[in-house]
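Asker:
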Amino acid sequence: MSNDGTRKREWLFIFLKGAGMGAADVVPGVSGGTIAFITGIYARLLNAIQSVNLQALLILKREGVAAMWKHIDGNFLVCLFGGLLTSAASLAKLITYLLEHHQTLVWSFFFGLILASFWHVAKQVKSWDRSTVIACLIGAMTAFVITTISPAEANPATWFYFVAGSIAICAMILPGISGSFILLLMGMYGHVLAAVNRMDLVLIGLFLSGCVVGLMAFSRFLSWLLKAYEQATFALLAGFLLGSLNLLWPWKQTLSTYTNSHGIEKPLEQANILPSQFFALSGQDPNTVYCLLLAVFGLYLILFVEKITTTK
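Using the numbering used here, read the sequence shown as starting at 93 and increasing by one per residue.
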(Lines of atoms letter the chains of each structure in order from A; the text may use other names.)
(Lines give C-alpha, C1' and ligand atoms only; values in the text may rest on other atoms or scores of the structure.)
Protein backbone atom coordinates (compact mmCIF):
# COMPACT_ATOMS: atom_id res chain seq x y z
CA MET A 93 0.00 0.00 0.00
CA SER A 94 1.31 3.50 -0.87
CA ASN A 95 2.25 6.05 1.79
CA ASP A 96 -0.86 8.08 0.92
CA GLY A 97 -3.04 5.00 1.29
CA THR A 98 -1.42 4.12 4.62
CA ARG A 99 -1.93 7.65 5.95
CA LYS A 100 -5.60 7.68 4.86
CA ARG A 101 -6.12 4.35 6.59
CA GLU A 102 -4.47 5.72 9.74
CA TRP A 103 -6.68 8.83 9.77
CA LEU A 104 -9.77 6.68 9.17
CA PHE A 105 -8.89 4.54 12.20
CA ILE A 106 -8.39 7.68 14.30
CA PHE A 107 -11.74 9.06 13.12
CA LEU A 108 -13.42 5.77 14.12
CA LYS A 109 -11.72 5.82 17.51
CA GLY A 110 -13.04 9.36 17.97
CA ALA A 111 -16.49 8.11 17.00
CA GLY A 112 -16.21 5.45 19.68
CA MET A 113 -15.29 8.11 22.23
CA GLY A 114 -18.26 10.23 21.17
CA ALA A 115 -20.66 7.31 21.46
CA ALA A 116 -19.35 6.52 24.94
CA ASP A 117 -19.53 10.12 26.13
CA VAL A 118 -23.23 10.34 25.28
CA VAL A 119 -24.04 7.61 27.83
CA PRO A 120 -24.05 8.49 31.56
CA GLY A 121 -21.62 6.02 33.14
CA VAL A 122 -19.29 5.37 30.19
CA SER A 123 -16.19 7.48 29.60
CA GLY A 124 -14.73 8.47 26.26
CA GLY A 125 -11.37 8.41 28.02
CA THR A 126 -11.82 4.67 28.50
CA ILE A 127 -12.19 4.20 24.74
CA ALA A 128 -9.13 6.37 24.10
CA PHE A 129 -7.14 4.30 26.58
CA ILE A 130 -8.01 0.85 25.24
CA THR A 131 -7.51 1.92 21.61
CA GLY A 132 -3.98 3.10 22.36
CA ILE A 133 -4.36 6.84 21.68
CA TYR A 134 -4.64 8.16 25.24
CA ALA A 135 -1.07 9.40 25.63
CA ARG A 136 -1.07 10.89 22.13
CA LEU A 137 -4.35 12.68 22.88
CA LEU A 138 -2.99 14.25 26.07
CA ASN A 139 0.25 15.28 24.35
CA ALA A 140 -1.61 16.83 21.41
CA ILE A 141 -3.94 18.79 23.69
CA GLN A 142 -1.01 20.08 25.75
CA SER A 143 0.83 21.22 22.64
CA VAL A 144 -1.87 23.82 21.94
CA ASN A 145 -0.06 26.47 23.97
CA LEU A 146 2.01 29.65 23.80
CA GLN A 147 4.86 27.77 22.17
CA ALA A 148 2.53 26.84 19.31
CA LEU A 149 1.83 30.56 18.74
CA LEU A 150 5.57 31.31 18.74
CA ILE A 151 6.17 28.54 16.19
CA LEU A 152 3.33 29.94 14.08
CA LYS A 153 4.97 33.38 14.14
CA ARG A 154 8.51 32.13 13.41
CA GLU A 155 7.97 29.13 11.10
CA GLY A 156 4.44 29.39 9.73
CA VAL A 157 1.22 27.42 9.76
CA ALA A 158 2.66 24.07 8.61
CA ALA A 159 5.21 23.93 11.44
CA MET A 160 2.61 24.93 14.03
CA TRP A 161 0.14 22.35 12.70
CA LYS A 162 2.78 19.64 13.00
CA HIS A 163 3.66 20.80 16.52
CA ILE A 164 0.08 20.40 17.77
CA ASP A 165 -0.48 17.13 15.84
CA GLY A 166 -3.30 18.93 14.05
CA ASN A 167 -4.35 16.12 11.69
CA PHE A 168 -4.74 13.78 14.65
CA LEU A 169 -6.85 16.27 16.63
CA VAL A 170 -9.08 17.12 13.66
CA CYS A 171 -9.72 13.46 12.78
CA LEU A 172 -10.30 12.42 16.39
CA PHE A 173 -12.61 15.27 17.39
CA GLY A 174 -14.33 15.11 14.00
CA GLY A 175 -15.26 11.51 14.75
CA LEU A 176 -16.19 12.35 18.33
CA LEU A 177 -18.52 15.23 17.44
CA THR A 178 -20.06 13.39 14.48
CA SER A 179 -20.81 10.36 16.61
CA ALA A 180 -22.13 12.32 19.60
CA ALA A 181 -24.47 14.37 17.42
CA SER A 182 -25.76 11.44 15.37
CA LEU A 183 -26.19 9.02 18.28
CA ALA A 184 -27.75 11.42 20.79
CA LYS A 185 -31.34 10.58 19.78
CA LEU A 186 -30.62 6.84 19.46
CA ILE A 187 -28.98 6.61 22.89
CA THR A 188 -31.83 8.61 24.42
CA TYR A 189 -34.37 6.20 22.88
CA LEU A 190 -32.46 3.05 23.95
CA LEU A 191 -32.00 4.26 27.53
CA GLU A 192 -35.71 5.04 27.72
CA HIS A 193 -37.04 1.81 26.21
CA HIS A 194 -34.29 -0.83 26.69
CA GLN A 195 -32.40 0.38 29.73
CA THR A 196 -31.39 -2.98 31.22
CA LEU A 197 -30.00 -4.20 27.89
CA VAL A 198 -27.99 -0.98 27.34
CA TRP A 199 -26.54 -1.00 30.85
CA SER A 200 -25.64 -4.71 30.52
CA PHE A 201 -23.66 -4.07 27.36
CA PHE A 202 -21.77 -1.20 28.94
CA PHE A 203 -21.24 -3.18 32.15
CA GLY A 204 -19.28 -5.70 30.07
CA LEU A 205 -17.37 -2.89 28.33
CA ILE A 206 -16.26 -1.31 31.60
CA LEU A 207 -15.42 -4.64 33.24
CA ALA A 208 -13.05 -5.46 30.38
CA SER A 209 -11.70 -1.91 30.43
CA PHE A 210 -10.85 -2.29 34.12
CA TRP A 211 -8.88 -5.43 33.28
CA HIS A 212 -7.06 -3.61 30.47
CA VAL A 213 -6.05 -0.64 32.62
CA ALA A 214 -5.14 -2.82 35.61
CA LYS A 215 -2.70 -4.74 33.38
CA GLN A 216 -0.73 -1.51 32.89
CA VAL A 217 0.27 -1.63 36.58
CA LYS A 218 3.56 -3.53 36.63
CA SER A 219 3.64 -4.11 40.37
CA TRP A 220 0.68 -4.20 42.72
CA ASP A 221 2.29 -2.97 45.94
CA ARG A 222 0.87 -1.00 48.86
CA SER A 223 0.84 2.34 47.01
CA THR A 224 -0.89 1.04 43.87
CA VAL A 225 -3.46 -0.96 45.85
CA ILE A 226 -4.28 2.13 47.94
CA ALA A 227 -4.54 4.27 44.77
CA CYS A 228 -6.90 1.72 43.21
CA LEU A 229 -9.07 1.64 46.33
CA ILE A 230 -9.20 5.45 46.42
CA GLY A 231 -10.26 5.52 42.75
CA ALA A 232 -12.90 2.83 43.29
CA MET A 233 -14.35 4.52 46.37
CA THR A 234 -14.37 7.94 44.68
CA ALA A 235 -16.22 6.61 41.62
CA PHE A 236 -18.62 4.63 43.82
CA VAL A 237 -19.49 7.69 45.90
CA ILE A 238 -19.98 9.83 42.78
CA THR A 239 -22.34 7.26 41.28
CA THR A 240 -24.45 7.14 44.45
CA ILE A 241 -25.07 10.90 44.52
CA SER A 242 -28.60 11.77 43.52
CA PRO A 243 -28.75 13.76 40.26
CA ALA A 244 -29.93 17.34 40.39
CA GLU A 245 -32.11 19.11 37.86
CA ALA A 246 -30.84 22.57 37.00
CA ASN A 247 -32.77 25.33 35.34
CA PRO A 248 -29.67 26.81 33.76
CA ALA A 249 -28.77 30.29 32.68
CA THR A 250 -27.14 30.44 29.26
CA TRP A 251 -23.65 31.01 30.70
CA PHE A 252 -23.94 27.81 32.78
CA TYR A 253 -23.50 25.71 29.62
CA PHE A 254 -19.91 27.00 29.50
CA VAL A 255 -19.33 26.04 33.16
CA ALA A 256 -20.88 22.61 32.62
CA GLY A 257 -18.64 21.94 29.63
CA SER A 258 -15.46 22.97 31.47
CA ILE A 259 -16.26 20.62 34.38
CA ALA A 260 -17.65 17.66 32.43
CA ILE A 261 -14.71 17.51 30.00
CA CYS A 262 -12.38 16.73 32.90
CA ALA A 263 -14.36 13.56 33.52
CA MET A 264 -14.69 12.79 29.82
CA ILE A 265 -10.94 12.26 29.43
CA LEU A 266 -10.62 10.23 32.63
CA PRO A 267 -11.08 6.49 32.08
CA GLY A 268 -13.88 5.36 34.35
CA ILE A 269 -15.46 8.71 35.20
CA SER A 270 -18.23 9.66 32.82
CA GLY A 271 -18.59 13.26 31.74
CA SER A 272 -22.23 12.55 30.94
CA PHE A 273 -22.83 11.41 34.50
CA ILE A 274 -21.16 14.56 35.86
CA LEU A 275 -23.59 16.51 33.68
CA LEU A 276 -26.39 14.40 35.16
CA LEU A 277 -25.28 15.28 38.68
CA MET A 278 -25.19 18.97 37.71
CA GLY A 279 -28.69 18.69 36.26
CA MET A 280 -27.38 19.60 32.82
CA TYR A 281 -27.42 16.27 30.97
CA GLY A 282 -30.95 16.61 29.60
CA HIS A 283 -30.42 20.26 28.69
CA VAL A 284 -27.19 19.61 26.78
CA LEU A 285 -28.66 16.57 24.99
CA ALA A 286 -31.74 18.63 24.06
CA ALA A 287 -29.52 21.42 22.69
CA VAL A 288 -27.70 18.86 20.51
CA ASN A 289 -30.95 17.28 19.31
CA ARG A 290 -32.43 20.64 18.24
CA MET A 291 -29.04 21.95 16.97
CA ASP A 292 -29.03 25.05 19.18
CA LEU A 293 -25.69 26.40 17.94
CA VAL A 294 -25.38 29.09 20.63
CA LEU A 295 -25.74 26.69 23.55
CA ILE A 296 -23.65 24.02 21.83
CA GLY A 297 -20.95 26.62 21.15
CA LEU A 298 -20.90 27.73 24.80
CA PHE A 299 -20.70 24.13 25.98
CA LEU A 300 -17.87 23.29 23.56
CA SER A 301 -16.00 26.48 24.52
CA GLY A 302 -16.15 25.38 28.14
CA CYS A 303 -14.90 21.94 27.09
CA VAL A 304 -11.88 23.51 25.35
CA VAL A 305 -10.93 25.61 28.39
CA GLY A 306 -11.36 22.71 30.82
CA LEU A 307 -9.51 20.34 28.52
CA MET A 308 -6.49 22.63 28.20
CA ALA A 309 -6.15 22.97 31.96
CA PHE A 310 -6.94 19.43 33.12
CA SER A 311 -4.93 17.58 30.45
CA ARG A 312 -1.75 19.21 31.74
CA PHE A 313 -2.44 18.09 35.29
CA LEU A 314 -3.25 14.55 34.15
CA SER A 315 -0.09 14.34 32.03
CA TRP A 316 1.97 15.49 35.00
CA LEU A 317 0.42 12.74 37.12
CA LEU A 318 1.23 10.09 34.49
CA LYS A 319 4.84 11.26 34.24
CA ALA A 320 5.48 11.71 37.97
CA TYR A 321 3.37 8.85 39.37
CA GLU A 322 2.67 6.56 36.41
CA GLN A 323 1.94 3.32 38.27
CA ALA A 324 -0.18 4.94 40.98
CA THR A 325 -2.12 6.88 38.33
CA PHE A 326 -2.85 3.71 36.33
CA ALA A 327 -4.02 2.04 39.54
CA LEU A 328 -6.20 5.07 40.34
CA LEU A 329 -7.76 4.98 36.85
CA ALA A 330 -8.40 1.23 37.21
CA GLY A 331 -10.15 1.99 40.47
CA PHE A 332 -12.33 4.60 38.78
CA LEU A 333 -13.47 1.96 36.31
CA LEU A 334 -14.15 -0.60 39.04
CA GLY A 335 -16.16 1.87 41.12
CA SER A 336 -18.21 3.05 38.14
CA LEU A 337 -19.64 -0.47 37.71
CA ASN A 338 -22.06 0.44 40.51
CA LEU A 339 -23.86 2.83 38.16
CA LEU A 340 -24.00 0.35 35.28
CA TRP A 341 -25.62 -2.58 37.11
CA PRO A 342 -28.64 -3.29 34.88
CA TRP A 343 -31.34 -4.14 37.44
CA LYS A 344 -32.35 -1.31 39.73
CA GLN A 345 -35.15 -0.47 42.13
CA THR A 346 -36.31 3.14 42.06
CA LEU A 347 -36.55 4.39 45.66
CA SER A 348 -37.66 7.94 44.89
CA THR A 349 -38.40 10.10 41.87
CA TYR A 350 -38.45 13.76 40.94
CA THR A 351 -40.16 15.77 38.21
CA ASN A 352 -37.77 17.63 35.93
CA SER A 353 -38.26 21.08 34.41
CA HIS A 354 -40.14 19.50 31.47
CA GLY A 355 -42.68 17.81 33.74
CA ILE A 356 -41.22 14.33 33.20
CA GLU A 357 -40.83 12.02 36.20
CA LYS A 358 -37.25 10.74 36.61
CA PRO A 359 -35.58 8.34 39.08
CA LEU A 360 -33.84 10.19 41.93
CA GLU A 361 -32.54 7.39 44.16
CA GLN A 362 -32.00 3.82 42.95
CA ALA A 363 -30.68 0.61 44.49
CA ASN A 364 -29.06 -2.31 42.68
CA ILE A 365 -31.10 -5.52 42.93
CA LEU A 366 -31.04 -9.07 41.54
CA PRO A 367 -32.98 -9.97 38.35
CA SER A 368 -35.50 -12.01 40.37
CA GLN A 369 -36.15 -9.03 42.64
CA PHE A 370 -36.49 -6.78 39.61
CA PHE A 371 -39.28 -8.96 38.24
CA ALA A 372 -41.03 -9.19 41.62
CA LEU A 373 -40.92 -5.43 42.20
CA SER A 374 -41.57 -4.10 38.70
CA GLY A 375 -43.43 -6.94 37.01
CA GLN A 376 -41.16 -6.44 34.00
CA ASP A 377 -39.09 -9.14 32.31
CA PRO A 378 -35.50 -8.76 33.55
CA ASN A 379 -34.21 -10.24 30.25
CA THR A 380 -31.50 -11.99 32.25
CA VAL A 381 -30.19 -14.17 29.42
CA TYR A 382 -30.05 -11.29 26.92
CA CYS A 383 -28.42 -9.03 29.50
CA LEU A 384 -25.74 -11.62 30.26
CA LEU A 385 -25.10 -12.17 26.55
CA LEU A 386 -24.77 -8.43 25.94
CA ALA A 387 -22.41 -8.06 28.91
CA VAL A 388 -20.23 -10.88 27.57
CA PHE A 389 -20.38 -9.32 24.09
CA GLY A 390 -19.27 -5.97 25.53
CA LEU A 391 -16.42 -7.66 27.39
CA TYR A 392 -15.18 -9.52 24.33
CA LEU A 393 -15.59 -6.43 22.15
CA ILE A 394 -13.08 -4.56 24.32
CA LEU A 395 -10.70 -7.54 24.32
CA PHE A 396 -11.00 -7.70 20.52
CA VAL A 397 -10.31 -3.96 20.16
CA GLU A 398 -7.33 -4.35 22.51
CA LYS A 399 -5.98 -7.20 20.39
CA ILE A 400 -6.25 -5.45 17.01
CA THR A 401 -4.82 -2.17 18.37
CA THR A 402 -1.80 -3.90 19.95
CA THR A 403 -1.05 -6.05 16.90
CA LYS A 404 -1.68 -3.35 14.27
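Even for Gly, the Cβ is constructed at its ideal location relative to N, Cα and C.
Bear in mind that the values here come from a model prediction, so they are computed numbers and not experimental data.
(1) Please report the straight-line C-alpha distance between P367 and E102, rounded to a whole angstrom.
(2) Using a Cβ distance threshold of 8 Å, determine whether the segment 182 to 196 contacts the segment 322 to 336, with at least three qualifying pairs required.
(3) Please work out which residues of its chain come closer than 6 Å, Cβ to Cβ, to H212, disregarding the five sequence neighbours upstream and downstream, and give them in chain order.
(4) What is the residue span of the alpha helix (DSSP H) that Y134 lies within?
(5) Over what stretch of residues does the alpha helix (DSSP H) that includes S315 continue unbroken?
(6) From I365 to W343, what distance separates their C-alpha atoms?
(7) Along the alpha helix (DSSP H) that carries Q376, what are the first and last residues, could you check?
(8) Report the option in S311, V305, I296 and F252 whose CA atom is closest to the CA atom of P267.
(9) Alpha carbon to alpha carbon, what distance is there between A363 and Q369?
(10) Measure from the alpha carbon of L307 to the alpha carbon of each residue in L108, N145, A115 and F105, then state which is nearest.
(11) Spatial neighbours of L176 within its chain, please: C-beta separation below 8 Å, excluding the five flanking residues on both sides.
(12) Between the segment 270 to 285 and the segment 373 to 383, do three or more beta carbon pairs fall short of 8 Å?
(13) How should A208 be labelled, buried or exposed, when 16 other C-beta atoms within 10 angstroms of its C-beta is the threshold for buried?
(14) Can you give me the C-alpha to C-alpha distance between S182 and L318, rounded to a whole angstrom?
(15) So with Cβ pairs under 7 Å, would you call K344 a contact of chain D?
(16) Which value, in whole angstroms, describes the spacing of the CA atoms of S223 and K153?
(17) With a 10 Å radius around its C-beta and 16 neighbouring C-beta atoms as the bar for buried, classify I241 as buried or exposed.
Answerer: Taking the structure as given:
(1) Walking along the sequence shown from the start, residue 367 turns up at place 275. Walking along the sequence shown from the start, residue 102 turns up at place 10. So the two alpha carbons sit approximately 43 Å from each other.
(2) Because the criterion of three Cβ pairs below 8 Å is not met, the segment 182 to 196 and the segment 322 to 336 do not touch.
(3) Residue 212 sits at position 120 when you count from the first residue of the sequence shown. The beta carbon of H212 sits closer than 6 Å to the beta carbons of I130 and E398 from its chain, once the five residues preceding and following it are set aside; these are given in chain order.
(4) Counting from 1 along the sequence shown, the entry for residue 134 is found at position 42. Y134 to Q142 is the extent of the alpha helix (DSSP H) around Y134.
(5) On the sequence shown, residue 315 is found 223 positions in, with the first residue counted as 1. Counting along the chain, the unbroken alpha helix (DSSP H) around S315 starts and ends at L293 to A320.
(6) Looking up residue 365 in the sequence shown gives position 273. Looking up residue 343 in the sequence shown gives position 251. In a straight line, the C-alpha of I365 is about 6 Å away from that of W343.
(7) As a working note, residue 376 is residue 284 in the sequence shown. Going by DSSP, Q376 is part of no alpha helix (DSSP H) at all; its letter is neither H nor E.
(8) Your numbering for residue 267 matches position 175 in the sequence shown. Residue S311 is the option with its Cα nearest to P267.
(9) Here the question's residue 369 lines up with position 277 in the sequence shown. Here the question's residue 363 lines up with position 271 in the sequence shown. Cα to Cα, the separation comes out at about 11 Å.
(10) Taking the sequence shown and counting its residues from 1, the one referred to as residue 307 is at position 215. Nearest to L307 by C-alpha distance, out of L108, N145, A115 and F105, is N145.
(11) The count along the sequence shown starts at 1 and reaches residue 176 at position 84. Within the same chain, L176 has close Cβ partners G110, A111, M113, G114, D117 and G124.
(12) Flag = no, the segment 270 to 285 and the segment 373 to 383 do not touch.
(13) On the sequence shown, residue 208 is found 116 positions in, with the first residue counted as 1. Classification for A208: buried.
(14) Looking up residue 182 in the sequence shown gives position 90. Looking up residue 318 in the sequence shown gives position 226. Straight-line Cα distance between these residues: approximately 33 Å.
(15) In the structure shown, chain D cannot be found, because there is only a single protein chain.
(16) Working through the sequence shown from its first residue, we reach residue 223 at position 131. Working through the sequence shown from its first residue, we reach residue 153 at position 61. Taking the straight line from one Cα to the other gives about 45 Å.
(17) Numbered from 1 along the sequence shown, position 149 holds the residue referred to as residue 241. So I241 ends up on the exposed side.
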